[in-house]
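I have placed the structure first, in the form of structure tokens, so that the comments after it can refer back to it.
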Amino acid sequence: MTGQRRWLLPERDEFLLCPTPENWLEQAVSQQETLLIDHANCEKKAAATAINLMFRYTENTDLQNRMSRLAREELRHFEQVLALLQKRNIPYRPLSASGYAGKMRAQVRTHEPERMIDTLVVGAFIEARSCERFEALAPLLDEELKKFYLSLLKSEARHFQDYLTLAMEAAGYDLADRIAVFAQADRQAVEGKDEELRFHSGVVH
Ligand SMILES: [Fe+2]
Ligand SMILES: [Fe+2]
5 MTGQRRWLLP
15 ERDEFLLCPT
25 PENWLEQAVS
35 QQETLLIDHA
45 NCEKKAAATA
55 INLMFRYTEN
65 TDLQNRMSRL
75 AREELRHFEQ
85 VLALLQKRNI
95 PYRPLSASGY
105 AGKMRAQVRT
115 HEPERMIDTL
125 VVGAFIEARS
135 CERFEALAPL
145 LDEELKKFYL
155 SLLKSEARHF
165 QDYLTLAMEA
175 AGYDLADRIA
185 VFAQADRQAV
195 EGKDEELRFH
205 SGVVH
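Under the working numbering, residues 5 to 209 are what the sequence shown spells out, in order.
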């Protein structure tokens, strides 16, 4: 058989080892301006990450297609957040990044094709965690933000599947061991303490 193999993708909530802590949700609701600015940055960074992967792995046609589409969607999300910032008179000021992606990337192996496989698994975790946080936050927000976050859920869930499918195709095996490594790193980041509240941060103490 040539072409596509079908992989059994885990559901988001069995992929993530823990839900977002209640304390983080409370802090996020009380710092919505910071959260929106960081959200804008996250969308921009998600597009840049996808484009970087396209430059690094030119020969992978499936990756080229999926990442190109994903990058366009992330930029569209960015424009939607930017419009919300303007509408709410929130200045788009520089904001330091959260440590989440760095903590995840610290576990990425340095040789190919392991580097690509792990980078794709990290992408899957970032998307899955975003999806979980949008869903958890939505009922706590005003109607406009609630509607917006719920509208983002579907694409982030698809992005999670895109990344994981690409990782499994590249590896040729089910990746349970690697998923377990990054699942631990995600849990530690999410349940750990942080200095500043960000979309992917832990709870601020
Ligand atoms: Fe997005
Ligand atoms: Fe996404």
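The beta carbon of each residue, even a glycine, is placed where N, CA and C say it ideally should be.
- Can you name the start and end residues of the alpha helix (DSSP H) that G106 belongs to? The continuous alpha helix (DSSP H) containing G106 extends over residues Y104 to R109.
- Query: Would you say the beta carbon of H163 comes nearer than 6 angstroms to a heavy atom of ligand 2?
  - Reply: Yes, Cβ of H163 sits closer than 6 angstroms to a heavy atom of ligand 2.
- Query: Going by Cα to Cα distance, which pick from G106, D190, A51 and M120 is closest to G176?
  - Reply: Ranking the options by Cα distance to G176, first place goes to M120.
- Message: Restricting to runs no shorter than 4 residues, where is the alpha helix (DSSP H) found entirely within the segment 85-168?
- Response: The DSSP assignment places complete alpha helix (DSSP H) segments of no fewer than 4 residues inside the segment 85-168 at 104-109 and 118-141, in order along the chain.
- Message: Between which two residues does the alpha helix (DSSP H) holding L39 run?
- Response: Note, L39: alpha helix (DSSP H), Q36 to R60.
- Message: At a threshold of 6 angstroms, does A189 count as lining ligand 2 (C-beta to nearest heavy atom)?
- Response: Every heavy atom of ligand 2 is 6 angstroms or more from the Cβ of A189, so no.
- Query: In the structure shown, what three-state DSSP assignment does D178 receive?
  - Reply: Three-state DSSP puts D178 in coil, outside helix and strand.
- Closest residue to K91 among E199, D122 and E148 (Cα-Cα distance): The alpha carbon of K91 has as its nearest neighbour, out of E199, D122 and E148, the alpha carbon of E148.
- Apart from the five residues just before and just after V126, which ones in its own chain have a Cβ nearer than 7 angstroms to its Cβ? Same-chain partners within the cutoff: M108, R109, V112 and F186.
- Message: With a threshold of 6 angstroms on Cβ separation, who are the neighbours of Q8 within its own chain once the five nearest residues in sequence on each side are excluded?
- Response: Summary for Q8: the model assigns pLDDT 48, below 50, so the residue's position carries little reliability; its value from the coordinates is reported in the next sentence. Same-chain partners within the cutoff: there are none.
- Contacts around E47, its chain only, beta-carbon distance under 7 angstroms, and the 5 residues preceding and following it disregarded: If we look at E47 and ignore the five residues flanking it on each side, its Cβ neighbours are E78, H81, F82 and V85.
- Task: Mind checking who D198 pairs with in its DSSP beta bridge?
- Result: According to DSSP, which records beta bridges pairwise, D198 is partnered with V208.
- P14, buried or exposed, once every other Cβ within 10 Å from all chains shown has been counted against 16: Buried, by the Cβ-count rule.
- Task: Out of I41, A75 and R182, point me to the one whose CA is closest to E118's CA.
- Result: When each option's Cα is compared against that of E118, the closest is R182.
- Message: Using only the alpha-carbon positions, how far apart do M172 and N93 sit?
- Response: Cα atoms of M172 and N93: separation of roughly 43 angstroms, rounded to the nearest angstrom.
- Expressed to the nearest angstrom, what Euclidean distance is found between the alpha-carbon atoms of M71 and T38? Our two residues, M71 and T38, have alpha carbons roughly 28 angstroms apart in a direct line.
- the segment 127-134 touching the segment 185-200, judged by at least three CB pairs closer than 8 angstroms: In short, these stretches touch, since the Cβ pair count reaches three.
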